[in-house]
Amino acid sequence: MPHPPVLRAIRLAVDTLRKAGHTVVEWQPYKHGYAVVLMGSIFTADGGEDLRNALALSGEPPIPQIEPLLGPGATRLELNTVWDIQSKKYKYQQEYLAIWQEISHVDGWIHPVAPHAAIKHNNSKYYGYTAVVNLLDWPAVALPVTFADKETDGNDATYKGISPLDTEIHNDYDADIYHGAPVSVQVIGRRLQEEYVIGLAEQIGIALSL
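Numbering (the UniProt record's numbering), first residue to last: 1 to 210.
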């Protein structure tokens, strides 16, 4: 579950569009947990070789977020395994496209960029919101919506996480630390609709500024 400022940004975008006369429907995510795991397999298919080569150019140490990708468990996948992963990716893309096509009146999708506003240094723990879109190979625009506000974005002490990671991310939220941090949402469209998605984001931005 996203932090309170992100939830407010989503609500603000949705409410603004509805006030402008647009129809907004709730979108049910399809197998996003599966997609995140699949994307992780693609990221690590080379056993971290590309990351090591990039780091070697400067001699810099890896940041904490990518250290697990370079550890002893980072092994190169065999070719047949890579092809199997690619086949699963293609099947997932086809399944998600079929779901979108069943709802023919949907022009775009408003989605979090991350579970948090601009992140505290070295504290990023979940990339699933963008990983799913990248796995689908759909165009997306990150649209600034608002800023975190400690007066309105208080933490929900009664929230029960749906997983250990969800609980950890929820507990990371500190209204005082995040106060004033920018918050964005993603505007997502279907493949090869880059210009259309940019236009959608522009119209949402105009509506938010009124």
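Where is the CB? At the ideal position from N, CA and C, for every residue including glycine.
Using the DSSP secondary-structure output, state which residues sit across from Phe147 in a beta bridge.
-> Phe147 is bridged by DSSP to Pro182.
Euclidean distance between Cα positions of His32 and Thr158 = For His32 and Thr158, the distance between alpha carbons rounds to 25 Å.
Ends of the beta strand (DSSP E) at Ile110?
-> Ile110 -> beta strand (DSSP E) spans Trp109 to Pro112.
Spatial neighbours of Val197 within its chain, please: CB distance less than 8 Å, with the 5 preceding and 5 following residues excluded, ordered by chain position.
-> For Val197, same chain residues with a beta-carbon under 8 Å away, outside a window of 5 residues either side, are Gly108, Pro139, Ala140, Val141, Val187, Ile188 and Gly189 in chain order.
Sheet register partners of Asp84 (DSSP bridge) = None; Asp84 has no bridge partner.
Start-end ranges of the alpha helix (DSSP H) lying completely within the region 33-73, minimum 4 residues | Here the runs fully enclosed are 49-58.
Rounded straight-line distance, which links the Cα of Glu168 to that of Ile85 | Taking the straight line from one Cα to the other gives about 29 Å.
Taking Pro182 as the reference, which of Glu26, Ile119, Glu49 and Glu195 has the closest Cα?
-> Among Glu26, Ile119, Glu49 and Glu195, the Cα nearest to that of Pro182 belongs to Ile119.
Between Trp100 and the rest of its own chain, which residues show a CB-CB distance below 8 Å, the 5 nearest in sequence each way excluded?
-> The answer, listed in chain order, is Val106 and Arg190.
Own chain, CB closer than 6 Å to Pro5, minus 5 neighbours either side, in chain order | Sequence-distant Cβ neighbours of Pro5 in its own chain, meaning closer than 6 Å and more than five residues away, are Ala117, Ala148, Asp153 and Val183.
Along the alpha helix (DSSP H) that carries Thr130, what are the first and last residues, could you check?
-> Thr130 -> alpha helix (DSSP H) spans Gly128 to Leu136.
Take Leu192 as the anchor and find which of Leu97, Ile177, Val37 and Pro64 has the nearest alpha-carbon.
-> Nearest option by C-alpha distance: Leu97.
Would DSSP call Arg76 helix, strand or coil?
-> Strand at Arg76.
At a cut of 8 Å, does the region 197-206 reach the region 125-133 through at least three beta carbon pairs?
-> No, they do not touch.
Do Leu70 and Leu51 have their CB atoms nearer than 8 Å?
-> Inclusion of Leu70 and Leu51 in the CB contact set at 8 Å is warranted, their separation being smaller than that value.
Of all the options Ser163, Ile177 and Ile204, which has the alpha carbon lying nearest to the alpha carbon of Met1?
-> The shortest C-alpha to C-alpha distance from Met1 to any of Ser163, Ile177 and Ile204 is the one to Ser163.
Count the other C-beta atoms from every protein chain shown that fall within 10 angstroms of the C-beta of Leu135, then say buried if there are 16 or more, exposed otherwise.
-> Under a 10 Å Cβ-count criterion, Leu135 is classified as buried, with 16 or more other Cβ atoms of the shown protein chains found around its own Cβ.
Taking the alpha-carbon positions, what's the Gln94 to Gly205 distance?
-> Pairing Gln94 with Gly205, the inter-Cα distance amounts to about 31 Å.
Spatially closest choice to His121 from Arg76, Ile177 and Asp137, by CA coordinates = If we check each option's Cα against that of His121, Ile177 comes out closest.
According to DSSP, is Val187 helix, strand or coil?
-> Note: Val187 maps to strand in three-state DSSP.
For Thr16, which residues from the same chain have a beta carbon less than 7 Å from its beta carbon, with the 5 sequence-adjacent residues on both sides left out?
-> Hits under 7 Å: Ala207 and Leu208.
Tell me whether Pro115 is buried or exposed, calling it buried when 16 or more other Cβ atoms sit within 10 Å of its Cβ.
-> That one is buried.
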